[in-house]
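Line by line, the protein sequences give chains A and B.
Residue 222 is where the first sequence starts when you use the numbering used here, and the numbers rise one by one after that.
Residue 222 is where the second sequence starts when you use the numbering used here, and the numbers rise one by one after that.
Don't be surprised by glycine CBs; every beta carbon is placed ideally from N, CA and C.
Remember, it's a predicted structure, so these values are computed and weren't measured experimentally.
The next block holds one structure in the form of structure tokens; read it before the comments.
2 protein chains.
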Amino acid sequence: MRKRRSLAMNLDAVAQRAGVSTSTVSRVLNNLEIVKTSTRSRVLKAAEELNYHPNLHARSLARGKSRILGIIVSNMENPFFLDIYRTLEADAHAQGLEVVVANTDYRSEQLLASVQLMIGLRVAGLAVIVSEMEEHLIQTVSGSRIPAAFYDVGTPQKNITNIRVDYRKGIKKTVSYLNALGHKRMAFVGHHSTLGPISERRKTFLESVHRCSPSAEPRIFAGPDGLDGGRQAARELLESGFRPTAVLCVNDFMAVGVMRELREEGLQIPRDVSVTGFDNIKLAEFCSPSLTTVHIPREQIGHIIFDNVVGNDREERDVGREIVIDPELVVRDSTGIAAKS
Amino acid sequence: MRKRRSLAMNLDAVAQRAGVSTSTVSRVLNNLEIVKTSTRSRVLKAAEELNYHPNLHARSLARGKSRILGIIVSNMENPFFLDIYRTLEADAHAQGLEVVVANTDYRSEQLLASVQLMIGLRVAGLAVIVSEMEEHLIQTVSGSRIPAAFYDVGTPQKNITNIRVDYRKGIKKTVSYLNALGHKRMAFVGHHSTLGPISERRKTFLESVHRCSPSAEPRIFAGPDGLDGGRQAARELLESGFRPTAVLCVNDFMAVGVMRELREEGLQIPRDVSVTGFDNIKLAEFCSPSLTTVHIPREQIGHIIFDNVVGNDREERDVGREIVIDPELVVRDSTGIAAKS
DNA sequence: AATTGTTTTGCAAACGCTTGCAGCGCAGAC
DNA sequence: GTCTGCGCTGCAAGCGTTTGCAAAACAATT
């Protein structure tokens with residue numbers, strides 16, 4: 222023996238105190254029904270007295286799997302991600318799973334670290350809700366044999382379910398709604414990681430505007446995801462001299478920042494300028510004016526992810542499935558008839 | 222041997238492929254410098270090729286401790302908690318610690334479960350940011366030998382540092398500021414778990430109002446913590462027939478909900494009624510009108526917690542320390558001269 | 001060539017738990 | 001009194017790491 226024999230609290234200590242073997246203690250603690258009631262209560266008493274808490278690492282190791290659901294998100298601060306997280310957490314707890322969440326802050330090295338963490342933890346399932354991910358890393362997850370679900374990134378793969386929202390449709394609805402109100406000069410405000418050249422949202426915006434009114438002059442601005450980022454992008458917009466009658470934002474969180482800055486500059490919403498968001502977070506109802514936006518059913522998404530990741534039907538799947546969700550426009554007070562120019 | 226010999230990926234597989242022993246692989250992976258460079262790269266190559274990821278449970282078990290910082294919060298949705306979480310996360314990552322966060326949703330059985338989880342994980346340190354906690358549970362944490370920091374709950378104990386904000390002072394500043402503006406009829410809006418009979422904030426509010434203007438008639442309302450909760454409390458307030466000239470809210474998050482409802486009812490802020498919050502979350506600057514509130518330095522609190530929980534100086538402390546923070550009033554646009562009644 | 005010293009490796013014992021299997025004690029049957 | 005069956009319990013192997021210690025490999029010195 223190499224070290225001092227357990228000052229640490231372990232099964233052995235409980236077993237000794239209860240005068241039984243560790244196996245018995247283990248069985249009691251796991252509610253196996255083969256233990257005599259009297260023994261059982263003796264063990265429970267001992268555990269209680271010793272303030273014993275099973276070592277979860279040892280347990281996972283012995284069992285060969287952990288009861289943990291892993292979640293990776295880009296930005297916990299954005300209520301959109303938070304809502305999905307909360308749904309997943311609720312579902313997980315309902316099944317006795319614990320949850321470990323990692324926040325990447327849109328940083329790819331953080332994403333890498335988070336994936337390593339989840340794999341290292343041998344999570345029972347993994348949900349990845351980030352806006353960008355290297356192909357290599359996707360392969361790593363796919364190869365890890367961990368059932369995973371990706372939101373809005375990558376394509377279906379072995380062991381991986383893909384869930385995405387039809388942004389194209391959402392943006393189209395928004396643009397044609399605004400167009401019907403007479404808006405021609407529109408700006409799009411995104412955050413950096415949605416504005417890569419590959420980004421569907423950016424392209425869709427440009428295309429939609431172009432189709433609805435070929436003479437329109439769409440412009441694009443960006444800041445980091447968040448209230449400040451929205452504000453910053455709006456400032457840039459104003460400083461550029463461009464005077465849109467409508468501003469479409471990539472998400473509600475940024476839209477709130479955008480509205481703040483526009484208001485600051487004396488612009489009235491929606492009299493002088495209309496603003497729209499995306500996601501329909503709670504805050505969209507609570508800001509002033511309340512925000513016209515596109516509803517994304519986060520609870521539903523959460524449930525879908527959960528079912529696909531820890532679903533009981535989960536045989537090792539050779540090919541993932543893809544699920545597409547259809548978003549709806551929600552009209553509130555931040556949009557109105559286009560201002561006369 | 223009882224089971225099939227490792228289809229699973231482990232040190233052994235890597236060792237075999239690299240033609241070395243598991244010890245060597247382990248040493249390579251832990252960057253111990255005693256490994257010959259050629260061996261080292263051979264091992265690294267094998268690990269890479271096998272897509273190997275060390276089992277963190279086994280690692281923790283063998284090392285006898287985990288590199289995990291545990292965080293328990295009442296309500297991740299409230300940006301106040303989120304900000305502390307983010308600071309802690311940043312600090313932790315800077316030191317190569319991982320973070321596990323648990324959300325109690327103000328439910329005591331969830332709090333219990335979370336504590337069990339953290340102890341079971343043998344976290345390296347534990348931060349508990351909840352508004353209420355049973356004495357028994359505090360003892361459990363204290364007895365677990367895990368260095369912990371509690372925010373705003375309990376009293377210093379063995380292994381536990383206590384951090385609290387001087388709410389009394391914050392509320393006093395707010396009330397006397399409002400009093401100077403001529404406010405007499407004030408309401409206080411809290412959430413359920415801050416309004417227990419023991420709650421300092423509630424008492425302080427009543428006392429302060431009473432001291433400033435003995436003739437005043439303070440009233441108290443409550444809802445669940447959150448935007449909806451604030452709104453709901455405000456509705457109750459309005460329905461009660463009470464017409465305060467100022468509403469103090471227990472936190473900014475609820476205040477935003479309160480403002481929403483007041484606005485809905487046609488009341489202008491601050492012309493008809495002033496509103497104040499507490500915490501000074503980002504959103505307070507972004508709502509309309511921007512919110513007068515009491516600043517609580519969440520970053521500073523995060524850092525303090527971190528240092529006390531994983532600080533290098535941490536000898537097993539027999540007696541915890543207590544740290545009290547002094548809050549400042551931040552005046553913005555949601556408060557003004559009391560309306561004539 | 002033998003000896004000594006230095007790297008570099010491998011062996012094997014933990015870490016705290018689960019679990020297949022075997023064994024024990026005791027009741028009932030003969 | 002021996003045997004069978006059954007309900008409980010204990011033994012011990014195994015989960016994938018780390019790590020003290022000792023052996024092996026190699027270099028340097030005599």
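| Item | Value |
| --- | --- |
| Taking the alpha carbon of Thr497 (chain B) as the reference point, which residue from B:Leu347, B:His404, B:Thr260 has its own alpha carbon closest? | B:His404 |
| Return the residue from the list A:Glu457, A:Met480, A:Pro491, A:Gly451 that minimises the CA-CA distance to Thr466 (chain A). | A:Pro491 |
| Mind checking who Glu543 (chain B) pairs with in its DSSP beta bridge? | B:Asn383 |
| Any beta carbon from chain A within less than 8 Å of Ser227 (chain B)'s own beta carbon? | Confidence is the limiting factor: at Ser227 (chain B) the pLDDT is only 45, short of 50, which leaves the residue's position unreliable and the question unanswerable from this model. |
| Should the stretch 339 to 347 of chain A be regarded as contacting the stretch 280 to 295 of chain A, the criterion being three or more beta carbon pairs within less than 8 Å? | yes |
| Which residue's Cα is closest to the Cα of Asn472 (chain B): B:Val430, B:Phe442, B:His412? | B:His412 |
| Along chain B, in chain order, which residues have C-beta atoms closer than 9 Å to that of Leu303 (chain A)? | Met297, Glu298, Leu303 |
| Is it true that the CB of Gln331 (chain B) sits closer than 8 Å to the CB of Thr325 (chain B)? | yes |
| Could you tell me which residues DSSP pairs with Phe371 (chain B) in its beta bridges? | B:Val349, B:Asn383 |
| With distances taken from CA atoms, which of A:His278, A:Phe301, A:Pro300, A:Val235 is nearest Leu271 (chain A)? | A:Val235 |
| Could you run through the stretch 501 to 525 of chain A and flag, in chain order, every residue whose CB is less than 9 Å away from some CB of chain B? | Lys503, Leu504, Glu506, Phe507, Cys508, Ser509, Pro510, Ser511 |
| Of the residues B:Phe463, B:Arg456, B:Ser397, which one's Cα is nearest the Cα of Met480 (chain B)? | B:Arg456 |
| Closest by CA to Leu458 (chain B), which one among B:Ala323, B:Cys433, B:Arg440, B:Met354? | B:Arg440 |
| Could you check what DSSP says for Gln521 (chain B) in three-state terms: helix, strand or coil? | helix |
| Should Gly341 (chain A) be flagged as near chain B, meaning a C-beta pair shorter than 8 Å? | yes |
| Spell out a yes or no on whether the stretch 512 to 521 of chain A and the stretch 378 to 398 of chain A are touching, meaning 3 or more CB-CB pairs, one atom from each, closer than 8 Å. | yes |
| Under three-state DSSP, which class holds Arg225 (chain A)? | Confidence at Arg225 (chain A) is low in this model, with a pLDDT of 40, below 50, so its placement is unreliable and no value can be given for it. |
| Return no unless some Cβ of chain B is closer than 8 Å to the Cβ of His357 (chain A). | no |
| How about Pro518 (chain A) and Gly391 (chain A): do their beta carbons lie closer than 8 Å? | no |
| Enumerated in chain order, which unbroken segments of the beta strand (DSSP E) with a length of 3 residues or greater are wholly contained in the stretch 224 to 300 of chain B? | 289 to 294 |
| Once you ignore the five residues that flank Asp373 (chain B) on each side, which residues in its own chain have a CB closer than 6 Å to its CB? | Arg385 |
| Once DSSP output is grouped into helix, strand and coil, what is the label at Asp473 (chain B)? | helix |
| Compare the C-beta of Asn276 (chain B) against all C-beta atoms of chain A and say whether one is closer than 8 Å. | yes |
| Using the three-state DSSP reduction, which class does Arg406 (chain A) fall into: helix, strand or coil? | coil |
| What residue from A:Ser352, A:Thr425, A:Ser414, A:Lys379 has the CA that sits closest to Tyr388 (chain A)'s CA? | A:Thr425 |
| Which whole-angstrom value is the C-beta distance of Ile359 (chain B) and Gly375 (chain B), which I expect to be below 8 Å? | 5 Å |
| Under 8 Å between C-beta atoms, does Leu338 (chain A) make it to chain B? | yes |
| Determine the burial state of Pro275 (chain B): buried for a count of at least 16 other Cβ atoms within 10 Å of its Cβ, exposed for fewer. | buried |
| Check this for me: beta carbons of Leu309 (chain A) and Gly523 (chain A), under 8 Å apart or not? | yes |
| Does Asn400 (chain B) come out as helix, strand or coil in the three-state DSSP assignment? | helix |
| Given that a residue counts as buried once 16 or more other Cβ atoms are within 10 Å of its Cβ, and exposed if not, what is Leu253 (chain B)? | exposed |
| Going along chain A in order, which residues have a C-beta closer than 7 Å to the C-beta of Val321 (chain B)? | Val321 |
| Are the C-beta atoms of Leu282 (chain A) and some chain B residue less than 8 Å apart? | yes |
| For Asn324 (chain A), decide whether its Cβ has a neighbour in chain B, counting only Cβ atoms nearer than 8 Å. | yes |
| Distance cutoff 8 Å, beta carbons only. Does Thr260 (chain A) sit that close to anything in chain B? | no |
| Do we get a CB-CB distance below 8 Å when we pair Asn574 (chain A) with the residues of chain B? | Here chain A has residues from 222 to 562 only, and residue 574 (chain A) is not among them. |
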